[in-house]
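For the sequence shown, the UniProt record's numbering assigns the number 1 to the initial residue and increments by one for each residue that follows.
Input: a single structure, listed below in structure tokens.
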Amino acid sequence: MTENPQDPQTNPLFMPRQAPARPSAQPPAQPPLPEPPAKRTGKVRVGVLVTSAAVVAALVGGAGGAALVSATDGGSGTGTGTSAVGTTNGQTVSNESSDVSTVAEKVLPSVVQIEATTAEGNAIGSGVILSEDGKILTNAHVVNAANGDVTVTLSDGTKYQASVLGADEKADIAVLQTHGASGLTPATLGDSGSVKVGEEVVAIGSPAGLQNTVTSGIVSAVDRQLSDLGQQQQQQSPFGQQTLERASDSPSYTAIQTDASINHGNSGGPLVNAAGEVIGINSAMYSPSGSGSVGIGFAIPINDAKTIINNLESGA
């Protein structure tokens with residue numbers, strides 16, 4: 001068979017000439033628009049720079065330690081009733097399964113602000129009402145430097161003088177007795193043994209002297225061992241240049257970790273569950289370079305505190 005050079009079947013390089021287009025009244029069809037590029041479904045990887053020794057982080061005992069107000073500031077720490085409900089590190093927290101406002105309404109009347117006069121100024125912390133006649137639970141480091149002048153302020157602004165019934169500095173627990181108080185609203189103490197990681201919690205206290213402040217978050221971990229926090233850990237006052245040294249007997253206890261915002265002045269205040277039961281006493285926070293709360297706070301389990309309360313009240 002003889003190949004024809006103009007036959008497309010025998011010569012693949014040959015393209016037959018197209019016939020001229022016939023005139024038409026219809027405009028030529030427009031080519032279809034190109035489809036938009038498909039969306040990427042893969043996750044975008046974000047590079048994370050992790051530093052180790054570049055940032056010096058301090059575990060601030062009393063983390064929530066007592067806020068120290070310079071005596072010359074005249075800061076009474078009575079607060080403005082400001083409430084930071086549902087915030088963690090400045091971010092709003094969605095609480096779909098619990099009502100933070102309901103918890104706050106129940107617990108706030110049982111939380112007090114504590115102001116202890118020291119040689120350096122006024123140390124401000126928080127406390128939990130234990131009885132109608134004014135027994136108050138707080139951290140030992142809030143009152144251990146007091147020279148005997150301790151003022152307790154209720155959530156409604158009523159003030160009472162108080163004295164220290166007893167303190168266990170190793171456990172960082174103290175019990176106060178107000179003078180002349182009656183008809184107070186005791187908090188409901190829960191069971192810290194049933195606390196689960198991930199459950200919602202609320203912290204109430206007087207950070208920076210702002211009484212009746214409410215923050216919320218979750219239980220980040222349980223059974224965190226806190227010990228040997230340092231005998232000379234210093235706390236920087238948010239109101240001045242005064243500092244307060246930690247007690248010489250450094251606390252050592254197993255704590256509940258939470259991302260609910262805890263700052264100076266929250267010490268001694270309650271960490272409560274969604275039912276409004278006290279499951280811990282806020283006591284410390286992890287604060288890189290003294291920058292304040294970074295969402296790593298610690299509370300003494302209330303079951304541990306109950307044992308110490310009984311011992312202190314009985315004089316054991």
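Cβ coordinates follow ideal geometry from the N, Cα and C atoms, glycine included.
Legend entry - Beta-bridge pairing of glutamate 105 - partner residues as DSSP gives them: Residue mapping note: residue 105 aligns to position 105 of the sequence shown, counting from 1. The bridge partners DSSP lists for glutamate 105 come to none.
Review point. Glutamate 313 to glycine 297, Cα distance in whole Å?
Key: Sequence index remark: in the sequence shown, residue 313 carries index 313 (1-based). Sequence index remark: in the sequence shown, residue 297 carries index 297 (1-based). C-alpha separation (whole angstroms): 28 Å.
Sub-9 Å separation of isoleucine 300 and asparagine 139 beta-carbons: Taking the first residue of the sequence shown as 1, we reach residue 300 at position 300. Taking the first residue of the sequence shown as 1, we reach residue 139 at position 139. In this structure, asparagine 139 lies closer than 9 Å to isoleucine 300 by Cβ.
Check: alpha helix (DSSP H) containing glutamate 313: first to last residue?
Finding: Along the sequence shown, one-based indexing puts residue 313 at 313. Here the alpha helix (DSSP H) through glutamate 313 covers 302–314.
* To do: Enumerate in chain order the residues of its own chain whose CB-to-CB distance from glutamate 277 is below 6 Å, with the five nearest sequence positions on each side excluded.
  => For the purposes of this step, residue 277 is identified with residue 277 of the sequence shown, where counting begins at 1. Take glutamate 277, set aside five residues on each side of it, and the residues of its chain with a beta-carbon closer than 6 Å to its own are Thr188 and Gly190, in chain order.
Query - Counted within 10 angstroms of its Cβ, other Cβ atoms place glutamate 105 as buried (16 or more) or exposed - result: Stepping through the sequence shown from its first residue, residue 105 is reached at position 105. A residue is called buried when at least 16 other Cβ atoms come within 10 angstroms of its Cβ; glutamate 105 does not meet this threshold and is exposed.
N-terminal and C-terminal residue of the beta strand (DSSP E) that valine 164 is part of:
Indexing the sequence shown from 1 puts residue 164 at position 164. Taken as a continuous stretch (DSSP letters only), the beta strand (DSSP E) holding valine 164 covers 159–168.
Next on the checklist: Checking 9 Å against the spacing of the C-beta atoms, do valine 128 and valine 150 come in under that value?
Outcome noted: Indexing the sequence shown from 1 puts residue 128 at position 128. Indexing the sequence shown from 1 puts residue 150 at position 150. Taking 9 Å as the Cβ cut-off, valine 128 and valine 150 do not qualify as a contacting pair.
TODO: Assign glycine 280 to one of three DSSP states: helix, strand, or coil.
DONE: Along the sequence shown, one-based indexing puts residue 280 at 280. In this structure, glycine 280 counts as strand in the three-state DSSP scheme.
Just checking: is the beta-carbon of isoleucine 204 within a distance shorter than 9 Å of some beta-carbon in chain C?
Among the chains of the structure shown, chain C does not appear; only one protein chain is present.
What's the gap between the Cα of alanine 174 and the Cα of glycine 166?
Taking the first residue of the sequence shown as position 1, residue 174 is located at position 174. Taking the first residue of the sequence shown as position 1, residue 166 is located at position 166. When rounded, the distance between both Cα atoms is 6 Å.
Is the segment 193–207 in contact with the segment 254–261, if contact means three or more CB pairs nearer than 8 Å?
-> Verdict: yes, contact present.
With a threshold of 7 Å on Cβ separation, who are the neighbours of tyrosine 160 within its own chain once the five nearest residues in sequence on each side are excluded?
In the sequence shown, counting from the first residue as 1, residue 160 sits at position 160. Same-chain partners within the cutoff: Gly134, Val152, Thr178, His179, Gly180 and Ala181.
Quick check on residue 322: does DSSP put it in helix, strand or coil? Because residue 322 is not part of the residues shown, which for the chain are 1 to 316, the question remains open.
When DSSP builds the beta bridges, which residues end up paired with threonine 153?
Taking the first residue of the sequence shown as 1, we reach residue 153 at position 153. Threonine 153 is bridged by DSSP to Gln113 and Lys159.
Taking the continuous beta strand (DSSP E) assigned at asparagine 122, which residues delimit it? Looking up residue 122 in the sequence shown gives position 122. Note, asparagine 122: beta strand (DSSP E), 121–129.
* To do: Below 8 Å on the Cβ atoms is my guess for glycine 205 versus glycine 280; work out the distance and round it to an integer in Å.
  => The count along the sequence shown starts at 1 and reaches residue 205 at position 205. The count along the sequence shown starts at 1 and reaches residue 280 at position 280. The beta-carbon separation of glycine 205 and glycine 280, rounded to 12 Å, does not stay under the 8 Å limit for a contact.
| task | Using only alpha-carbon positions, find the residue among Thr307, Ala274, Gly269 and Asn311 that is nearest to isoleucine 124. | result | Residue numbering aside, residue 124 sits at position 124 when the sequence shown is read from its first letter. Scanning Thr307, Ala274, Gly269 and Asn311 for the CA closest to the CA of isoleucine 124 turns up Gly269.
Problem - Own chain partners of alanine 84 with C-beta closer than 8 Å, once the 5 adjacent residues on each side are dropped - result: Position 84 of the sequence shown holds residue 84. A caution first: alanine 84 carries a pLDDT of 40, below 50, which makes its placement in the model unreliable, though a value can still be read off. For alanine 84, where only same-chain residues beyond five positions count, the Cβ hits under 8 Å are Thr213, Val214, Thr215 and Ser261.
- For glycine 193, is the classification buried or exposed, using 16 other Cβ atoms within 10 angstroms of its Cβ as the cut-off for buried? Translated into positions along the sequence shown, residue 193 becomes position 193. By the 10 Å Cβ count, glycine 193 comes out exposed.
Let me check understanding here. Comparing Cα to Cα, which of Ser126, Asp99, Met285 and Gly121 lies closest to valine 112? Start at 1 with the first residue of the sequence shown, and residue 112 comes out as number 112. Closest by alpha carbon: Ser126.
> Applying the criterion that 16 or more other CB atoms from any shown protein chain within 10 Å of the CB defines a buried residue, is glutamine 211 buried or exposed?
Replying inline: By one-based count along the sequence shown, residue 211 stands at place 211. Its Cβ being crowded by 16 or more others within 10 Å, glutamine 211 is buried.
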